[in-house]
Amino acid sequence: EAGVAQSPRYKIIEKRQSVAFWCNPISGHATLYWYQQILGQGPKLLIQFQNNGVVDDSQLPKDRFSAERLKGVDSTLKIQPAKLEDSAVYLCASSSLLAGGITDTQYFGPGTRLTVL
Amino acid sequence: DQQVKQNSPSLSVQEGRISILNCDYTNSMFDYFLWYKKYPAEGPTFLISISSIKDKNEDGRFTVFLNKSAKHLSLHIVPSQPGDSAVYFCAATRGSNYKLTFGKGTLLTVNP
């Protein structure tokens, strides 16, 4: 079974530029998550999708971050414009969990390391 | 407000000995706890979990203990192996809210 795929693996941009990350979850997984992991911290959830609907985006800085999940499969996370403090690893995870189900394992991709100069 | 705390940034043990990683939480609504392991340049991988209705869960060399009254859980690795060297994250969630809240992680180094 193929794992969660993410691209690019690394990205370096100047502040105020835009950047986009792509995630392809495990086939058949209904739920997709984007996390931000700043150096020395644990992952922090930015947004959770179930199929193509948003379940939780309470910690997404909506003035500059946006995310979508096309047709309930792939997802993109965009930052526009980027700030220095956005430097982090952006992790995508997926699970087969549906609302009301038992807590299920989240499978993580390798992440995209973003450096904002 | 850090709801899940891993107060030891690092831990070093000898191969064959026991590794004990600790985690404390403040939110009494949390009812499901997980440990993830992370190697450099890889995403976290699920290791073991425990529901609040249990106080112990075992999987091979890995055992997680939960003390609800103390809001404390620990991960025991016996015997420790060099391949166990990684960052270990404790995470918690509650009820039907599947959002995971992670601790900052503990870097475990197992010396041959």
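So the sequences go chain by chain: A and B. For reference, each letter of the first sequence is one residue, going 165 to 281 in our numbering. For reference, each letter of the second sequence is one residue, going 207 to 318 in our numbering. For glycine and all other residues, C-beta sits at the position ideal for the given N, C-alpha and C.
Based on the DSSP secondary-structure assignment, which residues constitute the bridge partners of residue i?
| i | result |
| --- | --- |
| Q208 of chain B | Answer by DSSP bridge pairing: none, since Q208 of chain B is not bridged. |
| S222 of chain A | According to DSSP, S222 of chain A bridges with nothing at all. |
| H278 of chain B | B:D230, B:N273 |
| V253 of chain A | A:Q201, A:R277 |
| A297 of chain B | B:L240, B:F308 |
| Q212 of chain A | A:Y197, A:D220 |
| T240 of chain A | A:W186, A:E232 |
If you compare alpha carbons, which of the options is closest to residue i?
| i | options | result |
| --- | --- | --- |
| S216 of chain B | B:G222, B:F308, B:F295 | B:F295 |
| G289 of chain B | B:T307, B:K305, B:L313, B:S255 | B:L313 |
| K159 of chain A | A:G273, A:Q244, A:T269 | Any property of residue 159 of chain A remains undetermined from this structure, which presents chain A solely from 165 to 281. |
| Y151 of chain A | A:F213, A:N188, A:K242 | Look at the range of chain A in this structure, 165 to 281, and you will see that residue 151 of chain A is not part of it. |
| S291 of chain B | B:Q209, B:Q208, B:Q212, B:E221 | B:E221 |
Out of curiosity, what's the CA-to-CA distance linking residue i and residue j?
| i | j | result |
| --- | --- | --- |
| D250 of chain A | I211 of chain A | 15 Å |
| G192 of chain A | W186 of chain A | 17 Å |
| Q287 of chain B | L281 of chain B | 15 Å |
| Q205 of chain A | R300 of chain B | 21 Å |
| R173 of chain A | R277 of chain A | 6 Å |
| S225 of chain B | P285 of chain B | 8 Å |
| S214 of chain B | Q200 of chain A | 22 Å |
| W241 of chain B | K235 of chain A | 31 Å |
| N215 of chain A | G249 of chain B | 22 Å |
| L272 of chain B | I283 of chain B | 15 Å |
| G264 of chain A | Y304 of chain B | For G264 of chain A, the predicted model reports a pLDDT of 45, less than 50, meaning its position is unreliable; a value from the coordinates is still stated below. Spanning the two alpha carbons is a distance of roughly 10 Å. |
| I177 of chain A | K243 of chain B | 29 Å |
| E232 of chain A | R223 of chain B | 47 Å |
| V270 of chain B | N228 of chain B | 10 Å |
| G167 of chain A | F308 of chain B | 22 Å |
Once DSSP output is grouped into helix, strand and coil, what is the label at residue i?
| i | result |
| --- | --- |
| G311 of chain B | coil |
| E178 of chain A | coil |
| A169 of chain A | strand |
| G217 of chain A | strand |
| K247 of chain A | coil |
| L234 of chain A | helix |
| N317 of chain B | strand |
| G264 of chain A | Reliability of the predicted coordinates at G264 of chain A is poor, the pLDDT of 45 falling under 50, and the value obtained from them is presented with this limitation in mind. Note: G264 of chain A maps to coil in three-state DSSP. |
Taking only heavy atoms of the ligand ADP into account, decide whether any of them is closer than 8 Å to the Cβ of residue i.
| i | result |
| --- | --- |
| L224 of chain A | As far as ligands go, the structure on display features none, and thus does not contain the ligand ADP. |
### Query
Can you list the beta strand (DSSP E) stretches of 3 or more residues lying completely in the region 218–275 of chain B, in chain order?
225–231, 238–244, 251–257, 262–265, 268–273
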